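Novice:
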Ligand code: ADP
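Residue numbers (this note's numbering): -19 to 487.
As structure tokens, this is what we get:
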């Protein structure tokens, strides 16, 4: 009997189901959206019931439209947005809306946790500083601001793990997703009793954790009724969205790096040992591959910078034409630089006040120069993250790129030149959900290992070599690197100025 595998991605915009066959070919996909709520500025919440409804609907659709019968599904894998906090009472009822990864309400709680535990200790145990997006500061926020909710809490779950709970009845997470909670001993691949005790979070609240390809639970009678899956179908632990996307593009061993060039940009590098960046400038998390960790750099406005530039200055020009024009001017855009910090930055400068800038404008510059500067500025910012990785001793032989920005051959060549590595693209287009389906295949015994799954399923379709401009870009990158430090104090002053101007306008 043919084996099929199902991956579910519970993202911020919607829940996607991807059905693949045992060779990794995509048979069907379906996505159902869920609403985002911002009850106050800087708050970001979703209703976990919406995730479940959308996930169940997407599963039903791929089953019904593919002609694949439920008894042919060998396994299900889950992935999704990381860091989100779902609080449940002793009966498994959701106590308040989930607080998401991009919610910014917890700056004070982050400072409190860092002071209580000690910055060095936090970095040593969890691999990262405590960031407002992470889960632990959200729990502390609830303890302080919603004590009644805190009193009733019996469990907390991450977004994809809530969908697992509804599908199987089990409270389970995986090592990659748990790495983003600030409560996880990333080196030991288990919950940190030290962090839990220091923050007064009971051990009984945390879900069991397993490695990503392990079978975590089986579809319950109720889960089967709501999705059309067969009761007893194995569900693997799965992974956070970036780790699953890395599996889905074959980034499953040290030496290869994933570049996701979407609205935000992510560089993801597997490691065979736990090696956090000494100052916490890169994330250090468990990978979805057993025995591997990864380093990750995040640029907040990557292809998002090009999108902004297009919308603000060249709305009527199709993207393909706009980017092709950039190919008509020389590398370096005749002395023009662009800083891509349009919404602040994460890596390598964790600075919410940083802003975008064109620097070096002259009368010679025309639209193609500006476009080229945007493409180059994003590439330089990504090179900064890559340099943090190589400074830790990582040997990076090849970058695989995915996401909307890689559609442009001009941008792909600029990236290969600036990063000074081969830059490949793959045939895998379904992202994290596809990686989750591959993990399901490992748990179900369809593939021997995560590496085998990636080998069988993911093929490179194109590869760009660094060209003759790489030397020129090395020099230009050195100039680029001196711009942020020079401007950072001014960005801080400008942010305060903008706040006072906004207050004066409102008054
Ligand atoms: P996300 O899912 O993170 O929103 P996508 O991976 O869908 O992002 O990529 C969207 C981005 O792709 C847009 O921000 C846009 O700048 C970029 N983009 C769209 N078309 C092109 C193109 N032809 N060449 C290069 N970049 C493009």
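Note that the Cβ used here is the ideal one computed from N, Cα and C, for glycine as well.
Keep in mind it's a predicted model, so treat the numbers as computed, not measured.
Evaluate residue 334 with the Cβ neighbour count: other Cβ atoms within 10 Å of its Cβ, from every protein chain shown; 16 or more gives buried, anything less gives exposed.
Specialist: buried
Novice: Just checking, does the region 214 to 230 make contact with the region 152 to 167 on the three C-beta pairs under 8 angstroms criterion?
Specialist: yes
Novice: What does the shell around ligand 1 hold, if a residue joins when its beta-carbon is under 5 angstroms from any heavy atom?
Specialist: 242, 243, 283, 286, 287, 299, 300, 303, 383, 384, 385, 387 and 388
Novice: Which of helix, strand or coil does DSSP assign to residue 167?
Specialist: coil
Novice: Please decide whether residue 255 counts as near chain C, where near means a Cβ-Cβ distance under 8 angstroms.
Specialist: The displayed structure is made up of one protein chain only, and chain C is not part of it.
Novice: Buried or exposed for residue 473, going by 16 or more other Cβ atoms inside 10 Å?
Specialist: exposed
Novice: Indicate the three-state DSSP secondary structure (helix, strand or coil) for residue 203 in the structure shown.
Specialist: Helix.
Novice: Kindly list the residues whose CB is nearer than 7 angstroms to the CB of residue 23, restricted to its own chain and excluding five residues on each side of it in sequence; keep chain order.
Specialist: 83 and 85
Novice: Across which residues does DSSP place residue 238 in a beta bridge pair?
Specialist: 248 and 380
Novice: Scan the region 276 to 352 and note each continuous beta strand (DSSP E) run of 3 residues or more that stays entirely inside, going in chain order.
Specialist: 317 to 319 and 337 to 339
Novice: For residue 326 and residue 277, I'd like the C-alpha separation in whole angstroms.
Specialist: The straight-line gap from Cα to Cα measures roughly 8 angstroms.
Novice: Which stretch, first to last residue, makes up the alpha helix (DSSP H) that contains residue 222?
Specialist: 221 to 228
Novice: Thinking C-beta only, is residue 321 closer than 8 angstroms to residue 340?
Specialist: no
Novice: Touching or not, the region 452 to 472 and the region 421 to 428, by the rule of three or more beta carbon pairs under 8 angstroms?
Specialist: Verdict: no, contact absent.
Novice: How is residue 149 classed by DSSP in three states: helix, strand or coil?
Specialist: coil
Novice: Buried or exposed for residue 349, going by 16 or more other Cβ atoms inside 10 Å?
Specialist: buried
Novice: Could you have a look at residue 480 and say whether DSSP puts it in helix, strand or coil?
Specialist: helix
Novice: Only counting the same chain, and skipping five residues up and downstream in sequence, which positions put a Cβ closer than 8 angstroms to that of residue 506?
Specialist: Past the boundaries of the shown model lies residue 506; the chain is included only from -19 to 487, so the question cannot be answered.
Novice: When the Cα atoms are used, what is the spatial distance from residue 250 to residue 487?
Specialist: 51 angstroms
Novice: In three-state terms, what does DSSP make of residue 198?
Specialist: Strand at residue 198.
Novice: Counting pairs of beta carbons, one from the region 58 to 65 and one from the region 124 to 141, are three or more of them closer than 8 angstroms?
Specialist: yes
Novice: Go ahead and pull the three-state DSSP assignment for residue 70.
Specialist: coil
Novice: By DSSP, does residue 457 sit in helix, in strand, or in coil?
Specialist: helix
Novice: In angstroms, rounded to a whole number, what distance separates the CA positions of residue 338 and residue 46?
Specialist: 50 angstroms
Novice: Round the Cβ separation of residue 132 and residue 69 to the nearest angstrom and send it over; I've been treating them as touching at under 8 angstroms.
Specialist: 5 angstroms
Novice: Name the DSSP beta bridge partners of residue 103, please?
Specialist: Looking at the DSSP assignment, residue 103 forms no beta bridge with any residue, so it has no partner.
Novice: For residue 377, does the count of other Cβ atoms within 10 angstroms reach 16, so buried, or fall short, so exposed?
Specialist: exposed
Novice: Please give me, in chain order, every unbroken run of the beta strand (DSSP E) with length at least 3 that falls completely inside the region 390 to 478.
Specialist: 402 to 406 and 440 to 444
Novice: Determine the extent of the beta strand (DSSP E) in which residue -15 is found, giving its start and end residues.
Specialist: -16 to -10
Novice: Do you know how far the Cα of residue -18 is from the Cα of residue 361?
Specialist: 46 angstroms
Novice: List the whole-angstrom C-beta distance separating residue 307 from residue 282, where the pair is believed to meet the contact cut-off of C-beta under 8 angstroms.
Specialist: The Cβ separation is near 19 angstroms, so there is no contact.
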